[in-house]
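S.K.: This is the structure, below, for whatever I ask next.
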Amino acid sequence: MECENLKNADFFGKSDPFIKIFGQKPDERWAAVCETETINNELNPHFVDTFLYYPDRYHKLRFEVFDEDPLSEEKIGEVDVKTEEVLKQRRENDGVVEL
Ligand SMILES: [Ca+2]
Ligand SMILES: [Ca+2]
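Numbering-wise (numbering that gives the first Met the number 0), the sequence shown opens with residue 0 and increments by one.
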């Protein structure tokens with residue numbers, strides 16, 4: 000996974016982004032799926048971490064991007080994507096979505 004042109008959420012240096020991924024179950028409840036590693040001082044991060052999901056378990060995925068700070072985290076943005084859309088985007092658009 001990667002992000003491009005993230006908002007800078009730090010005064011000194013650049014954002015230190017990581018992504019939290021959630022999946023929405025058929026009963027509409029959200030469950031945490033995974034969290035990526037943090038890439039320091041980077042607005043165009045490439046994450047090494049990958050995750051496995053099951054399209055029949057979650058019909059929607061939510062990607063929340065955060066800036067990690069020493070004692071807290073700041074939300075940079077989020078996007079919800081239908082699972083079927085993720086699969087389609089991967090074929091047609093390199094899987095790029097807007098936050
Ligand atoms: Ca910050
Ligand atoms: Ca930071």
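All C-beta atoms in this analysis are idealised placements derived from N, C-alpha and C, irrespective of residue type, glycine included.
Just so you know, these numbers come straight off a predicted model, no measurement behind them.
1) Measuring only from the beta carbon, is A31 closer than 7 Å to any heavy atom that is part of ligand 1?
2) For ligand 1, is there any heavy atom lying closer than 7 Å to the beta carbon of E73?
3) Less than 8 Å separating the beta-carbons of N4 and S14?
4) Output yes or no for whether 8 Å exceeds the beta carbon distance between E1 and P69.
5) With DSSP run on the structure shown, which of helix, strand or coil describes L86?
6) Contact check, G12 vs N40 under 8 Å by CB: the rounded distance?
7) Residues bridged to L42 by DSSP?
8) On the three-state DSSP scale, how would you describe E91?
9) Can you find a heavy atom of ligand 1 that lies under 7 Å from the Cβ of D68?
M.R.: Well, looking at it:
1) The residue you call residue 31 lines up with position 32 of the sequence shown. No.
2) Within the sequence shown, the letter at position 74 stands for residue 73. Yes.
3) For the purposes of this step, residue 4 is taken as residue 5 along the sequence shown, with counting starting at 1. For the purposes of this step, residue 14 is taken as residue 15 along the sequence shown, with counting starting at 1. Not in contact: N4 and S14 (Cβ atoms no closer than 8 Å).
4) In the sequence shown, the residue the question calls residue 1 occupies position 2. In the sequence shown, the residue the question calls residue 69 occupies position 70. Result no, Cβ atoms of E1 and P69 do not sit closer than 8 Å.
5) Within the sequence shown, residue 86 is the residue found at index 87, counting from 1. The answer is helix: DSSP assigns L86 an H, G or I state.
6) Within the sequence shown, residue 12 is the residue found at index 13, counting from 1. Within the sequence shown, residue 40 is the residue found at index 41, counting from 1. The Cβ separation is near 5 Å, so the contact holds.
7) Numbered from its first residue, the sequence shown carries residue 42 at position 43. Answer by DSSP bridge pairing: none, since L42 is not bridged.
8) Position 92 of the sequence shown, counting from 1, holds the residue named residue 91. E91: helix per DSSP, three-state reduction.
9) Walking along the sequence shown from the start, residue 68 turns up at place 69. D68: yes, Cβ under 7 Å from ligand 1.
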